[in-house]
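Heads up: the sequence shown runs through residues 151 to 473, numbered per my numbering.
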Amino acid sequence: MDTNTLEHQPPIADETTADSERPHILIVDDRPDTLEVLTELLESRYIISTILDGEHAVSIAETVRFDLILLDVELPDLNGYDVCQKIKSSALNKNTPVMFVSGCADTEHEIKGLVYGAVDYITKPFSVTSLIYKIENHVRIAGYQRQLETLQGLDPLTGIANRRAFEQRLHSEMQRTQRNDSPLCLIMLDVDYFKSFNDFYGHVDGDACLKKLAGIMMNCRGRSSDIVARYGGEEFAILLPLTDRRGGIRYAKRLYDMVKSQAIPHEDNPTGHVTVSMGLVTYSGKDLLSPHELVEAADAGLYRAKKLGRARLCVASLTQAFH
Numbered sequence: 151m152d153t154n155t156l157e158h159q160p161p162i163a164d165e166t167t168a169d170s171e172r173p174h175i176l177i178v179d180d181r182p183d184t185l186e187v188l189t190e191l192l193e194s195r196y197i198i199s200t201i202l203d204g205e206h207a208v209s210i211a212e213t214v215r216f217d218l219i220l221l222d223v224e225l226p227d228l229n230g231y232d233v234c235q236k237i238k239s240s241a242l243n244k245n246t247p248v249m250f251v252s253g254c255a256d257t258e259h260e261i262k263g264l265v266y267g268a269v270d271y272i273t274k275p276f277s278v279t280s281l282i283y284k285i286e287n288h289v290r291i292a293g294y295q296r297q298l299e300t301l302q303g304l305d306p307l308t309g310i311a312n313r314r315a316f317e318q319r320l321h322s323e324m325q326r327t328q329r330n331d332s333p334l335c336l337i338m339l340d341v342d343y344f345k346s347f348n349d350f351y352g353h354v355d356g357d358a359c360l361k362k363l364a365g366i367m368m369n370c371r372g373r374s375s376d377i378v379a380r381y382g383g384e385e386f387a388i389l390l391p392l393t394d395r396r397g398g399i400r401y402a403k404r405l406y407d408m409v410k411s412q413a414i415p416h417e418d419n420p421t422g423h424v425t426v427s428m429g430l431v432t433y434s435g436k437d438l439l440s441p442h443e444l445v446e447a448a449d450a451g452l453y454r455a456k457k458l459g460r461a462r463l464c465v466a467s468l469t470q471a472f473h
């Protein structure tokens, strides 16, 4: 490692910078001495997490979003390439840049690392100056990507649409319904007893539960024009264009059955597993409702479903319980 160029390092941030404002870097290497050196170099500028094996790295990448991952090729369990591939398939870190920092210096390893999704490949011993500048550049690019995701309307936890994107789409779909006099169905969905789920299992498992439910909702969609969004917390919004009340009820029943079939354990739910409650409303071009009023109507149905015992769908005056 070249330590003669330390005086040319980029300026290091003040250690008093709030943690919430500092990028988070994960370093995966089976050599404690390497972890110590990298941590010492970077900890004044970044939040640093270190891991000695690949399985643990894959596991934590499912629940914590990082701004950059430094990854060794040779690990005691999974090799670095498999770790990179698994991380790139996770919802939270699929867009997180991965840099290999490895003692494998031949071109074949470098090309393989890039093929598996890494943005860079640094060989040991490395130049401190080069490493720090590259880290800074990749973290900056990751920040731009994060901002782009927000502008594109993605929820960072689940990877589905966020509330902002949903509200924009709701507005445009209501306008289209008014022009074409076609039906539009809105379902508001809430995870039953979710606070007690978090209290019992912890927030990491709570996040994993929300991600799994989001995936179920996406798989339940019949058309690419259907939108599934995280509205806030454990509440989701599902917008079904060109869908009448009967079609919306069929969709809700199918979704409920899919959630039930997963049998996600929930000790504080009377059923013993995760269930959902839903409120459904349909809209036509003749209805004089604003987007906010349409959401309120679906929310009223959701509130009634929960008041009647949860694990059911309420549609206007129609109540249908699923068992």
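Every residue gets a Cβ at the ideal spot worked out from N, C-alpha and C, and that includes glycine.
Can you have a look at residue i and say buried or exposed, based on whether 16 or more other CB atoms are within 10 angstroms of its CB?
i	result
Arg380	buried
Ser474	The structure shown does not extend to residue 474, since the chain is modelled only from 151 through 473, so no value can be given for it.
Thr393	buried
Gly382	exposed
Val223	buried
Asn447	It is worth fixing the name first, because residue 447 is Ala in this sequence and not Asn. Per the 10 Å Cβ criterion, buried.
Tyr294	exposed
Asn330	exposed
State the DSSP-derived secondary structure class of residue i, mapped to helix, strand or coil.
i	result
His174	strand
Glu384	coil
His416	coil
Lys456	helix
Leu191	helix
Thr155	Any reading at Thr155 needs caution, since the residue's pLDDT is 29, under 50, leaving its predicted position unreliable; the model's value is listed next. Of the three classes helix, strand and coil, the one that applies to Thr155 here is coil, per DSSP.
Gly429	strand
Ser332	coil
Pro275	coil
Asp501	The chain is shown from 151 up to 473; residue 501 falls before or after that span and cannot be answered.
Phe216	coil
Leu390	strand
Taking residue i as the reference, give the member of the options with the closest Cα.
i	options	result
Leu221	Thr213, Asp256, Val214, Gln235	Gln235
Gly451	Arg172, Ser434, Ser427, Pro441	Ser427
Met368	Asp355, Asp357, Ala387	Ala387
Leu307	Cys370, Asp357, Glu171, Leu176	Asp357
Pro497	Ile201, Gly429, Val445, Ile282	There is no way to answer for residue 497, as the model of the chain reaches only from 151 to 473.
Tyr464	Arg172, Arg395, Tyr266, Gln295	For the record, residue 464 in the displayed sequence is Cys; it is not Tyr. Here the closest residue by C-alpha is Arg395.
Ser194	Ser332, Arg215, Glu171, Met338	Glu171
Lys238	Phe347, Glu212, Ile285, Pro391	Glu212
Val178	Asn229, Leu430, Ser280	Asn229
Ser374	Ile310, Asn348, Thr432	Ile310
Asp342	Leu336, Gly435, Cys359	Cys359
Glu385	Leu458, Ser199, Asp340	Asp340
His423	Ala455, Ala461, Lys436, Tyr433	Ala461
Ile198	Ser280, Tyr271, Pro173	Pro173
Lys274	Cys254, Glu260, Arg290, Ile261	Cys254
Val214	Lys457, Ser440, Ala241, Thr189	Ala241
Pull up the CB-CB distance for residue i and residue j, whole angstroms please, since I reckon it's below 8 Å.
i	j	result
Phe344	Glu417	Contact doesn't hold; Cβ gap of about 13 Å is too wide.
Ile282	Leu218	Wrong, their Cβ atoms sit about 12 Å apart, outside the cutoff.
Tyr406	Leu390	Not quite, the Cβ-Cβ distance comes to about 15 Å (not below 8 Å), so this is no contact.
Leu320	Thr432	The pair is not a contact, with the Cβ atoms about 13 Å apart (cut-off 8 Å).
Within the chosen definition, does the segment 203-210 reach the segment 325-345 through at least 3 CB pairs nearer than 8 Å?
no
Check whether the segment 401-420 and the segment 301-310 are in contact - that is, three or more C-beta pairs closer than 8 Å.
no
Counting beta carbon pairs with one atom in the segment 247-267 and one in the segment 309-321, are three or more of them shorter than 8 Å?
no
Does the count of Cβ pairs from the segment 436-456 and the segment 355-374 closer than 8 Å reach three?
no
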